[in-house]
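Numbering (mature numbering (1 follows the signal peptide of the UniProt record, and there is no 0)), first residue to last: -21 to -1, 1 to 283.
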Amino acid sequence: MPKKFLSLLWGACLISSSLSANYLDKETADRIRKNTDAIIAKDLNTKELIFSKDEQKINQPASLTKIMTAILAIESGRMNDIVTITREMIQVEPTKAGLRIGEKFYLRDLVKAAMVMSANDAAMSIGVYLGDGNVENFVVKMNKKAKAMGMKNTNFTNPCGFDIGNHYSTALDLLKMSEYAIKNNQFNEMAKLKRHDFTAINTKRAYAAYTHNKLLNNYKYAVGIKTGYTQKAGPCLIARAKNGNKDVLVVMLNSEQRWKDIRTIFEDVLPQITENRAVAPTKKIVTPKQKAPKKTQKKKTQNA
């Protein structure tokens, strides 16, 4: 099937789905739009788009970037490699695991630290190591993979998600990346971890990485996947919840009330899509409206 036709078909699906498959009442939908710069929510079983706003608008992805970093590491087949930490790997802004120069770790532990606690020193270590000593080589791989996933409006400049240079994506592209990632069982096991304990191979120094994903501790249907924050990107979240055979994936960018709003989406949507799909939703259909992005309160920690 021609690529042009597929693109048109996908675009048509976005338009029709956002209008016809909306399970949120008008008041709730308006509040979420006000709180969020861009959002897209999808029922992974039916492939229906259940809610969206500005899903193709350019935004900063912050630590959602680390999903791509993790996937490349997993697919490298080198997760059991031993990585020696260098100065370049740890000269990054917080959040950090606190890795020390000369310490040795299994690559798999660095990937888990990057995913679970969003450790930038771990993510940079992955990039430098798999870039054969040059993180720029790894960034090339990131962008090549993004194109292969169909991420047409994305450009990565680093493996951590820092707002450096022309580092950007869209909610739609990040949804595509996430859909690809969650097909990998090894990735899914990492994405739902609440904590990861690991030890430096040579020094025996112990580390504990705790998740920033509040849903994993407070919402029984949550199964991952990643948080993000920078001053420019604002609070970001990619979340997934499963109830029986129902599966919902949501991307939220610059979302001031991400934890409150994601709970609302899941609690409103999951019960409805768990019921007989032949029964039409009783809630009002809402057409997405565009709003100017909200300013977020500055925080010291980056890429949480």
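By construction, the Cβ of each residue, glycine as well, lies at the ideal position given by its N, Cα and C atoms.
Model, not experiment: these values are computed from the prediction.
For residue i, collect the residues of the same chain with a Cβ closer than 6 Å to its Cβ; drop the 5 residues on either side in sequence, then sort them by chain order.
i	result
T15	M231 and S234
D88	F177
A101	A76, L89, A92 and A93
I69	L78 and D100
V95	L172, H175, A188 and T190
G106	V114, F117 and P138
E82	I64, A179 and T182
M58	L86 and R87
V71	N99, D100 and M103
A125	T133
T261	The pLDDT assigned to T261 is 36, lower than 50, so where the model puts this residue is not dependable; a value taken from the coordinates is nonetheless given after this. Correct list: empty, nothing qualifies.
G144	T136
F245	A220
Which of the three DSSP states is assigned to residue i in this structure?
i	result
N59	coil
R79	coil
A17	strand
F30	strand
S148	strand
Y159	helix
D22	strand
N137	coil
T261	With a pLDDT of 36 at T261, under the threshold of 50, the modelled position of this residue cannot be trusted; read the value that follows with caution. Coil at T261, not helix or strand.
Got a sec? Which residues, its chain only, sit under 8 Å from residue i by beta carbon, not counting five neighbours each side?
i	result
residue 289	Missing from the structure shown is residue 289; the chain here goes from -21 to 283 and no further.
D60	Y85, L86 and Y108
D240	R10, I11, N14, T15, M231 and S234
A127	none
With distance defined between alpha-carbon atoms, name the residue in the options nearest to residue i.
i	options	result
I50	I11, F30, L86 and D33	L86
F84	L28, E72, N137 and Y186	Y186
A17	L154, G140 and P73	L154
I217	L249, A170 and T243	A170
N167	A201, G207, I64 and V118	A201
K173	I161, N196, Q165 and N163	N196
R219	M130, E54, E72 and Y198	Y198
K32	V229, M130, Y208 and N164	V229
F30	I37, T7 and C215	T7
N164	K5, I53 and D4	I53
S157	I204, T133 and H146	I204
T149	T136, K221, G140 and K131	K131
A160	M47, K5 and I37	M47
I37	H146, G112 and R184	H146
G112	Y2, A127, G129 and V62	V62
Only counting the same chain, and skipping five residues up and downstream in sequence, which positions put a Cβ closer than 7 Å to that of residue i?
i	result
L151	I19, E34 and Q35
K211	Q39 and D142
N116	G110
K120	L51
K193	W238
L249	Y200, A220, N222, K225 and V227
N122	N134 and F135
Q236	N14
G56	none
G129	K155
R242	Y198
Does the ligand MG have a heavy atom nearer than 6 Å to the CB of residue i?
i	result
R10	Of the ligands one can find in the structure shown there are none, so the ligand MG has no counterpart to examine.
For a cutoff of 7 Å on Cβ pairs, would you count residue i as touching chain D?
i	result
F117	Checking the listed chains, one finds no chain D in this structure; it contains a single protein chain.
Kindly provide the ranges of any beta strand (DSSP E) runs that are 3 or more residues long and lie completely inside the region 176 to 254, ordered along the chain.
Listed in chain order, the complete beta strand (DSSP E) runs (minimum 3 residues) inside the region 176 to 254 are 185 to 189, 201 to 209, 213 to 222 and 225 to 234.
contact_flag[the region 23 to 32, the region 216 to 228] where n(CB pairs < 8 Å) is 3 or more
Segments in contact, yes.
Which runs of the alpha helix (DSSP H) fall wholly inside the region 72 to 133 and span at least 4 residues, in chain order?
Scanning the region 72 to 133 from its first residue to its last, the whole alpha helix (DSSP H) runs of 4-plus residues come out as 86 to 95, 99 to 109 and 114 to 127.
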